[in-house]
Amino acid sequence: MDAATTAAAQTIMQRCDTLGAISEEPDRRTRRYGTPAMRQVNVLVADWMRAAGMSVRQDAIGNLIGRYEAVDAGTDTKSLLLGSHLDTVRDAGRYDGPLGMLVGLAAVERLHARDERLPYAVELYAFADEEGLRFSTGYLGSRVVAGAFNPADLAATDTEGVTLERAMRDFGGDPAALGASERPTDDLLGYVEVHIEQGPVLEARGLPVGIVSAIQGQSRISVTFRGEAGHAGTVPMALRRDALAAAAEFVLAVEREGQATSELVATVGQLNVEPGASNVIPGRVTLSLDLRHPDDATRKQALDRLQAEAQAIAQRRNVTADWKHLGTSRSVTCAPRLRERLARAVAAAGAEPFELPSGAGHDGVMMSRLTEIAMLFVRCERGISHNPAEAVTDSDVAVALDVVERFLTLTAAEQAPDSSA
Ligand code: HGY
Ligand code: MN
Ligand code: MN
């Protein structure tokens with residue numbers, strides 16, 4: 019690897035550290051949509067984009083969009099989209115999201131440093147919300163760009179009762195302009211996202227990068243069990259309508275369903291117990307359900323089984339179970355044409371082209387509604403993610419940058435008038 023690319027990779031790592039130090043919590047890394055921490059990272063990233071020769075704008079929901087114009091830009095100029103997200107889960111790592119956006123930024127920065135322009139524009143997206151931590155609605159940023167935003171979500175509230183609409187306005191967004199933030203598709207060459215693998219496959223195979231074949235679909239549900247709060251000392255066990263005991267039975271049913279259905283992953287990540295006192299029988303429990311599978315029909319069948327099981331548990335325990343659908347994203351296949359071009363770029367960079375599916379969701383799911391998509395995974399240590407121990411190496415990031423730059427060159431060659439694109 020040449021010294022300049024290695025140095026650029028080190029800058030990417032330093033910027034991941036800089037962004038990773040910006041959090042809404044003092045003792046762990048958390049950046050939810052629309053918070054001052056997100057405003058802080060947007061300011062920093064906008065400065066980096068402008069220094070890389072990009073024009074920069076913030077759209078109606080707060081996505082940051084940098085554009086590096088084409089040579090001889092005109093009305094028929096095409097655009098290649100790069101990007102990833104800047105928000106995080108709670109107690110997050112520093113690479114999930116920012117790494118992908120920063121590799122794209124570095125590729126543009128190096129074009130600018132060489133005073134080079136491509137026969138197409140490069141647009142870099144720093145999405146304002148992919149994880150959905152604050153409002154439980156994933157892909158909020160890329161949904162708006164893809165024209166898939168659900169206006170009903172404006173009424174979604176966070177744990178403090180703040181609506182998405184309020185948070186958007188406070189973040190400088192404009193709910194009335196969300197429709198205008200949908201990206202036109204007539205000039206698009208595709209969307210390419212670099213992201214940490216968030217799994218152990220590349221490390222197990224000793225590969226620095228991998229090409230994503232498909233992104234599995236997912237369902238996000240909220241289930242509320244309602245029983246009757248009561249005195250822990252006076253209500254006999256036989257007379258209780260314990261909402262937490264019902265929820266606990268359901269959590270184990272979710273685990274059994276995940277274990278019983280091949281390739282299904284089923285997770286209860288959040289559980290809120292009310293009133294939440296040690297001497298009170300829980301009257302109400304709300305939990306989250308995250309269900310994923312490469313095949314949408316299989317995921318739907320598992321979801322139906324779990325919904326029936328929640329009702330059966332509720333009936334047995336004389337409580338109620340309310341099932342609230344928060345969001346679904348279908349499985350998405352990455353474009354064969356872009357995967358093949360990525361494979362050529364990986365091989366030219368001296369790495370082995372290897373394809374693997376993505377268990378995690380990514381903004382590419384939404385962007386696939388606009389254009390063809392491709393993703394490049396970067397090996398991460400022990401596959402750990404959604405965890406502050408998330409780790410990648412400078413050398414793997416340098417390979418990823420090298421691959422992206424070669425991909426940009428191959429894309430330019432395909433734009434040449436005599437190419438058989
Ligand atoms: O949940 C996911 O798959 C992604 O990290 N939002
Ligand atoms: Mn994530
Ligand atoms: Mn991510």
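Under this note's numbering, residues 19 to 439 are what the sequence shown spells out, in order.
The C-beta atom is built at its ideal place from N, Cα and C for all residues, glycine as well.
- When the five nearest sequence neighbours on each side are left out, the beta carbons in the same chain lying within less than 6 Å of the beta carbon of Gly150 are those of Gly156, in order along the chain.
- In the DSSP assignment, Leu305 falls within the unbroken beta strand (DSSP E) covering 302–311.
- Relative to Ala320, the option among Ser403, Ala271, Ala125 whose CA is nearest is Ala271.
- Straight-line spacing of the CA atoms in Leu123 and Ala328 works out to 46 Å.
- Residue environment for Ala131: exposed (fewer than 16 other C-beta atoms within 10 angstroms of its C-beta).
- Counting only runs of at least 4 residues, the region 208–262 fully encloses the following alpha helix (DSSP H) elements, listed from N- to C-terminal order: 219–223.
- Excluding sequence positions up to five before and after Ala91, its CB lies within less than 8 Å of the CB of Ala139, all in the same chain and listed in chain order.
- Excluding residues up to 5 positions away in sequence, nothing lies with its Cβ nearer than 6 Å to the Cβ of Thr316 in the same chain.
- The chain-ordered list of residues whose CB is nearer than 6 Å to some heavy atom of ligand 1 reads Glu148, Glu149, Gly156, Ala378, Gly379.
- Linking Met19 to Glu408 through their CA atoms gives a straight-line distance of about 24 Å.
- According to the DSSP assignment, Phe145 belongs to the beta strand (DSSP E) that extends over 139–145.
- When secondary structure is reduced to three states using DSSP, Arg334 falls in the helix class.
- Shown here, Phe372 sits in coil according to DSSP, grouped into three states, outside any helix or strand.
- When the beta-carbon positions are compared, Gln216 and Gly379 stay at least 8 Å from each other.
- Looking only at Pro226, Ser280, Arg223, Thr304, the smallest Cα-Cα distance to Ile239 is reached by Thr304.
- Spanning the alpha carbons of Asp109 and Val364 requires a straight line of approximately 33 Å.
- Around the Cβ of Gln288, a 10 Å sphere holds fewer than 16 other Cβ atoms; the residue is exposed.
- His249 has its CB no nearer than 7 Å to any heavy atom of ligand 3.
- If you check the CB distance, Asp381 and Gly101 come in under 8 Å.
- Per the DSSP secondary-structure output, Ser97 pairs in a beta bridge with Ala139, Leu206.
- Here the alpha carbon of Met56 sits roughly 6 Å from the alpha carbon of Arg49.
- Taken in chain order, the complete beta strand (DSSP E) segments of 3 or more residues contained in the region 26–94 are 73–76, 82–86.
- Inter-residue distance for Leu172 and Ile79 is about 11 Å (C-alpha atoms, whole angstroms).
- The region 345–409 contains, as complete alpha helix (DSSP H) runs of 4+ residues, the segments 354–366, 382–385 (chain order).
- One thing to note: Gln433 has its Cβ no nearer than 8 Å to the Cβ of Arg310.
- Sequence-distant partners of Val89 (beyond 5 residues in either direction) whose C-beta falls short of 8 Å from its own C-beta, in its chain, are Arg135, Leu136, Pro137.
- Between Ala166 and Arg348, the CB-CB gap reaches or exceeds 8 Å.
- For the pair Pro406 and Arg152, the CB atoms are not nearer than the 8 Å cut-off.
- In this structure, the C-beta of Asp308 stays at least 7 Å away from each heavy atom of ligand 3.
- The chain-ordered list of residues whose CB is nearer than 5 Å to some heavy atom of ligand 3 reads Asp114, Gly115.
- DSSP, read as helix, strand or coil, puts Thr23 in helix.
- The DSSP-derived three-state label of Thr175 is strand.
- If you draw a 10 Å sphere on the C-beta of Val61, you find fewer than 16 other C-beta atoms in it, and that means exposed.
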